[in-house]
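Encoded as structure tokens, the structure appears first; notes follow it.
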Amino acid sequence: MKTWHWATLLGLTLITVVIQLLVPYTKPSWWDKIPTFYVVYGFIGCTLIIFVSKWLGKLMIQKDEKFYDNF
Amino acid sequence: MITFNIPPFLFFLLGGLLLPLIPQRLRAGIFLIPPLLSLWIIFGLEQGTRVAVDFMHFELIFLQVTNLNWIFGIIFSLISVIAGIYALHMDDLRQQVAASFYAAGALCVTFAGDFLVLFLGWELMAVASTFLIWARGTTEAVATGMRYFLFHIFGGVLLLGGVLLHVADTGSLELTSFASGESLAAWLILAGVAVNVAIPPLHAWLSESYPTATVTGAVFMSALTTKSAVYVLASLFAGWQILIFMGVLMALYGVVYAVLANDIRGILAYHIISQVGYMVAGVGIGTEMSINGTTAHAFSHILYKALLFMGAGVVLYTTGKSKLTELGGLYSKQKLVFWLYMIGAFSISGFPFFNGFISKSIIVASAGYEAMDVAALLLILASIGTFLHTGLKLPYWTWFGQDSDLTPTKTPTNMIWAMGITAFLCTFFGVYPWLLYDKLPYPQLYNPFQLYHFIEMTQLLIFTYIAFWVFRKKLAGEPYIAVDFEFFYRLAAKGVIIIAYKPVALVDNWLGNIYAGFTRSMKGLATFFIFNKCEGALDKTVHYLLPKTIVQGGNSLLKIIRGDARDLTSAMSYILILTILLIFVSLLRMIT
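Line by line, the protein sequences are chains A and B. Residue 493 in my numbering is what sits at position 10 of the first sequence, and the numbering runs on without skipping anything. Residue 83 in my numbering is what sits at position 65 of the second sequence, and the numbering runs on without skipping anything.
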């Protein structure tokens with residue numbers, strides 16, 4: 484990732500947040516009223532998906548590729 | 019426009035029957051004719067059209083056009099054309115015939131007006147699609163195909179059980195929608211349909227067979243089985259609240275497993291479960307808006323999922339590899355394939371101006387309008403996972419990441435064309451959704467192009483991307499398999515073998531002893547008769563004819579057991595279906 488990539492992504496985010504602050508909200512759910520809600524939800528959600536799944540994998544789901552060979 | 023009220027599945031059935039008679043070099047092209055004809059016929063069909071045949075006091079309705087099934091018929095035919103183009107380079111007759119019958123089954127289910135025709139289509143799909151797995155030819159494919167087949171037959175029996183109870187209760191075969199938890203018959207039918215929808219724990223057939231199927235077969239499979247079942251679910255079980263719970267569970271279940279999957283088509287298969295979860299939840303919510311959402315999302319999903327499977331199929335076809343641990347660094351050699359795949363990935367992730375954006379959001383919004391906050395939030399969480407895997411993990415570790423030094427062979431032009439057409443459609447419906455919205459079952463009031471919808475998706479996607487970039491090393495493929503419910507299928511099979519083997523061995527032993535005793539006594543009896551003629555006759559029977567027949571029978575049985583399991587199962591499947599049909603017909607007679 485080059486610097487201008489990061490700048491574009493963060494710039495886009497900034498624009499959306501400014502719009503959220505200026506334009507009245509129109510959707511029915513309470514979380515839509517919170518500016519930057521989806522910023523936080525996107526980042527935390529993605530992190531959670533990665534780590535919880537990995538943890539479940541280590542706990543019981545992932546097995547050696549030969550697991551079924553002698554089943 | 020002149021309209022013909024012909025059940026569209028007949029074209030595919032006829033196509034499948036005639037394909038073996040057509041010279042090999044024309045066959046792949048001729049394969050496209052039935053879906054094109056079907057598409058043309060369905061375009062002309064008007065709502066309420068009905069074609070029925072009287073059969074043993076029942077009316078079998080082979081064609082019944084409703085505001086719901088028309089659009090499913092269109093997309094099933096359209097995707098068969100596209101998948102046929104994708105398979106133009108292939109000359110495997112088995113796959114061509116199997117795919118034709120498979121599509122025939124799906125269209126039979128879609129336009130069925132009664133339970134018996136629905137069931138026939140259902141079973142045809144199960145049998146035909148199994149051959150698309152077996153055609154891969156590997157030992158794993160034979161075993162997986164067998165499990166797939168048995169599981170679908172199990173689902174078919176549940177469905178049949180429900181249908182029989184329903185007919186016994188109401189005396190009618192006609193398709194009717196059920197009120198939530200209405201009767202045992204409804205529950206049984208739901209269970210049978212749930213197998214094809216792949217609701218956990220009945221889903222493992224999907225995640226293990228789609229990565230194992232042939233390159234072109236998987237494209238058909240990704241489109242037909244689950245979505246035809248979604249149609250049945252939407253027409254029979256709208257408003258069953260349990261489906262909201264199951265749908266959300268599916269959406270998240272697929273996401274968790276996609277983190278752990280190493281096979282690229284395995285990741286995509288788990289995302290079918292996840293995406294179908296949205297549709298199931300939409301059926302469960304049961305409002306006009308959510309049923310519209312389910313229909314629109316099935317339409318979009320078939321397009322982008324086929325595109326994704328085609329992309330992954332090209333990778334497998336050109337490199338022979340499908341595991342993330344064995345792939346990487348292919349971008350410079352497959353730029354066009356990568357970008358076409360990414361259009362599918364943008365679509366499934368709900369990027370603005372791609373077709374996921376205009377369909378998935380209807381379901382999430384309808385959950386919001388019904389104040390189902392938890393369901394809506396969890397469905398949004400699942401959509402984060404969708405972008406993470408199909409849009410980031412899979413393409414990053416396949417076309418970028420560590421260079422695998424693989425040199426892919428040339429991609430057949432027809433594969434690129436098929437991907438191009440699908441990518442165009444994904445974008446077209448994303449930019450101009452009204453063409454789809456106008457054909458939805460109910461008036462479509464939802465407008466996806468709202469400022470807040472753009473803001474939501476922009477923030478969500480950017481920060482999912484940033485989290486991926488931070489933790490991307492964690493998402494590299496790992497040389498493990500993720501054990502799912504197929505573990506229990508295998509365990510059950512093992513149990514059956516153990517339980518069945520001992521009594522069978524015991525009985526066999528016992529019969530053997532009796533037979534040995536019988537021959538000994540007959541021999542004794544024979545020697546007792548001193549008359550030549552009599553002795554000769556007995557001798558011939560006891561020592562020669564009888565054992566010979568038994569030995570011959572045993573040998574042919576052994577041959578079947580040791581020999582090609584595929585021949586046996588194909589024969590058995592037809593016998594099984596025939597038996598089920600006979601039972602069905604005789605029960606119908608009893609009832610009437």
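Here a beta-carbon is modelled for each residue, glycine too, at the ideal position from N, C-alpha and C.
Inset, instruction - Assuming Ile291(B) contacts Leu224(B) (C-beta within less than 8 Å), just tell me the rounded distance between them. - result: 6 Å
Below 8 Å on the Cβ atoms is my guess for Ala146(B) versus Phe119(B); work out the distance and round it to an integer in Å. 4 Å
Where the beta strand (DSSP E) through Ala500(B) begins and ends
Tyr498 to Ala500
ask   = Does the count of Cβ pairs from the region 98-106 of chain B and the region 235-243 of chain B closer than 8 Å reach three?
value = yes
For Pro426(B), tell me which candidate among Gly419(B), Tyr335(B), Leu183(B) and Gly403(B) has the shortest Cα-Cα distance. Tyr335(B)
Item checked: Rounded separation between Thr244(B) and Thr343(B) - CA only -> 29 Å
Listing by chain order, which chain A residues have their CB less than 9 Å from the CB of Lys492(B)?
Ile533, Phe534 and Lys537
Give me the Cα-Cα distance between Asp611(B) and Ala121(B), rounded to the nearest whole angstrom. The requested residue 611(B) is not part of the displayed model; chain B covers only 19 to 610.
*Around the Cβ of Thr476(B), are there at least 16 other Cβ atoms within 10 angstroms (buried) or fewer (exposed)?*
buried
Q.
Mapping the DSSP letters down to three states, classify Tyr335(B) as helix, strand or coil.
A. helix
So, with DSSP's three-state summary, where would you put Ile217(B)? coil
### Task
With a cut-off of 8 Å on the beta carbons, I'd call Ile366(B) and Gly311(B) a contact; round off their distance for me.
Contact doesn't hold; Cβ gap of about 15 Å is too wide.
Query raised in the report: Would Leu505(A) count as contacting chain B if we go by Cβ distances under 8 Å?
Result: no
Q.
Quick check on DSSP: helix, strand or coil for Glu226(B)?
A. helix
_Cβ closer than 7 Å: which chain A residues qualify as neighbours of Ile402(B)?_
Gly525, Gly528, Cys529 and Ile532
- Query: Where does Gly386(B) land, buried or exposed, given buried means 16+ other C-beta within 10 angstroms?
  - Reply: buried
* Asked: For the candidate residues Trp140(B), Val277(B) and Phe94(B), whose alpha-carbon lies nearest to that of Arg490(B)?
  -> Val277(B)
C-alpha gap between Ile361(B) and Tyr519(B), whole angstroms: 53 Å
Q) At least one CB of chain B closer than 8 Å to the CB of Leu492(A): is that the case? A) yes
Determine, for Asp515(A), whether the minimum Cβ-Cβ distance to residues of chain B falls below 8 Å. yes
Notebook entry, point to check: Is the region 19-32 of chain B touching the region 45-62 of chain B, taking contact as three or more C-beta pairs under 8 Å?
Noted result: yes
### the region 348-360 of chain B touching the region 452-469 of chain B, judged by at least three CB pairs closer than 8 Å
no
Q: Examine chain A for any beta-carbon lying closer than 8 Å to the beta-carbon of Trp528(B), and answer yes or no.
A: no
In three-state DSSP terms, what is Val237(B)? helix
Which first and last residues belong to the beta strand (DSSP E) in which Phe22(B) is found?
No beta strand (DSSP E) contains Phe22(B), which DSSP labels as neither H nor E.
Check your understanding: Is DSSP giving Gln682(B) helix, strand or coil here?
Key -> Not covered by the structure: residue 682(B). The range shown for chain B is 19 to 610.
Q) Hey, does Gln293(B) have any beta-carbon neighbour from chain A nearer than 8 Å? A) no
Rounded to a whole number of angstroms, what is the C-alpha to C-alpha distance between Leu242(B) and Ile484(B)? 35 Å
- Message: Here's a check: name, in chain order, each residue in its chain whose Cβ is nearer than 6 Å to the Cβ of Met212(B), leaving out the five neighbours to either side.
- Response: Before going on, a small fix: residue 212(B) reads as Ala here, not Met. Leu220.
| Any beta-carbon of chain A closer than 8 Å to the one on Thr482(B)? | yes
Problem - Between the CA atoms of Ile439(B) and Leu478(B) - distance to the nearest angstrom - result: 29 Å
Any beta carbon of chain A sitting closer than 8 Å to that of Val501(B)? yes
I want to see whether chain B comes within less than 8 Å of Val501(A), judged by CB atoms only; does it? no
The ligand COA heavy atom lying under 7 Å from the CB of Ala122(B): Among the components of this structure there are no ligands whatsoever, and the ligand COA is therefore not found.
According to DSSP, is Ala70(B) part of a helix, a strand, or is it coil?
strand
Which residues mark the beginning and the end of the alpha helix (DSSP H) in which Lys428(B) is found? Careful: Lys428(B) lies outside any alpha helix (DSSP H) and carries neither H nor E.
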